[in-house]
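J.:
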Amino acid sequence: MSEVIPFVPKHELDCQKNLNDFICRAKNQLTIYEDQGGFSSSNWKHYLANGRAQSMEFTGLAEKGRKTGSPMEPPFVDFAKAYVRDSQTWNATNPGNMMMVLKTCHDALLFIYSKADVLLLDGIVLRKITEMIYERSSESSRYRYGQMLEKFLEDLRLLKINLCTRQKKITH
Numbered sequence: 000m001s002e003v004i005p006f007v008p009k010h011e012l013d014c015q016k017n018l019n020d021f022i023c024r025a026k027n028q029l030t031i032y033e034d035q036g037g038f039s040s041s042n043w044k045h046y047l048a049n050g051r052a053q054s055m056e057f058t059g060l061a062e063k064g065r066k067t068g069s070p071m072e073p074p075f076v077d078f079a080k081a082y083v084r085d086s087q088t089w090n091a092t093n094p095g096n097m098m099m100v101l102k103t104c105h106d107a108l109l110f111i112y113s114k115a116d117v118l119l120l121d122g123i124v125l126r127k128i129t130e131m132i133y134e135r136s137s138e139s140s141r142y143r144y145g146q147m148l149e150k151f152l153e154d155l156r157l158l159k160i161n162l163c164t165r166q167k168k169i170t171h
């Protein structure tokens with residue numbers, strides 16, 4: 000019996016390849032946080048100018064009454080680590096807003112599609128991300144998270160990790 004290979008549109012292959020290349024580069028060429036276990040660690044610390052450590056735990060959002068969430072699931076966890084490593088290499092800043100956006104993105108993907116894959120990010124998931132941020136944060140925090148979400152989406156565009164778009168067919 001011959002092996003049947005499902006059709007995958009070229010643009011989807013390109014997005015997956017770009018994502019794989021991005022993760023591979025971050026894993027093998029960037030060295031920030033390597034002294035803390037690199038990609039094999041699920042917790043990195045970023046040291047602020049005042050000497051305080053800001054922890055970056057690669058987990059989903061914590062449920063009420065818990066200190067941390069469940070570990071991020073693959074393949075999202077590798078993307079999240081690559082994204083943090085890349086962002087912090089170019090401009091090391093307090094990662095709190097970035098981690099909130101990544102955690103809500105992870106959890107929203109699981110909620111909507113039962114799979115944590117950044118390539119599934121679409122308008123439905125974005126709506127869920129904004130709902131989750133709204134439920135969990137103050138007005139001033141929402142503004143900063145919104146700025147970070149905007150930067151995150153722009154970064155995905157620059158990486159050529161296209162977001163799924165649904166176009167309404169117009170008929171006359």
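With numbering that gives the first Met the number 0 applied, the sequence shown covers 0 to 171.
Backbone N, C-alpha and C fix where the C-beta goes; we use that ideal spot for every residue, glycine too.
By Cβ distance, which residues of its chain are closer than 8 Å to residue 108, with the 5 residues on each side in sequence left out?
T.: Within the sequence shown, numbered from 1, the residue matching residue 108 stands at position 109. Within the same chain, residue 108 has close Cβ partners 75, 114, 115, 116, 117, 119, 120, 124.
J.: Taking only runs that begin and end inside the stretch 18-98, name each unbroken alpha helix (DSSP H) of 4 or more residues, in chain order.
T.: Listed in chain order, the complete alpha helix (DSSP H) runs (minimum 4 residues) inside the stretch 18-98 are 75-89.
J.: Look at the alpha carbon of residue 47 and the alpha carbon of residue 92, and state the distance between them as a whole number of angstroms.
T.: Translated into positions along the sequence shown, residue 47 becomes position 48. Translated into positions along the sequence shown, residue 92 becomes position 93. Roughly 8 Å separates the two Cα atoms.
J.: Residue 42 to residue 103, Cα distance in whole Å?
T.: For the purposes of this step, residue 42 is taken as the residue at position 43 of the sequence shown. For the purposes of this step, residue 103 is taken as the residue at position 104 of the sequence shown. Computed Cα separation, rounded: 17 Å.
J.: Considering only residues of the stretch 94-153, which uninterrupted alpha helix (DSSP H) runs meet the minimum length of 4 residues and lie entirely inside it, listed in chain order?
T.: Complete alpha helix (DSSP H) runs here, min 4: 95-112, 122-135.
J.: What would DSSP say about residue 12, mapped onto helix, strand or coil?
T.: Working through the sequence shown from its first residue, we reach residue 12 at position 13. Helix, per DSSP.
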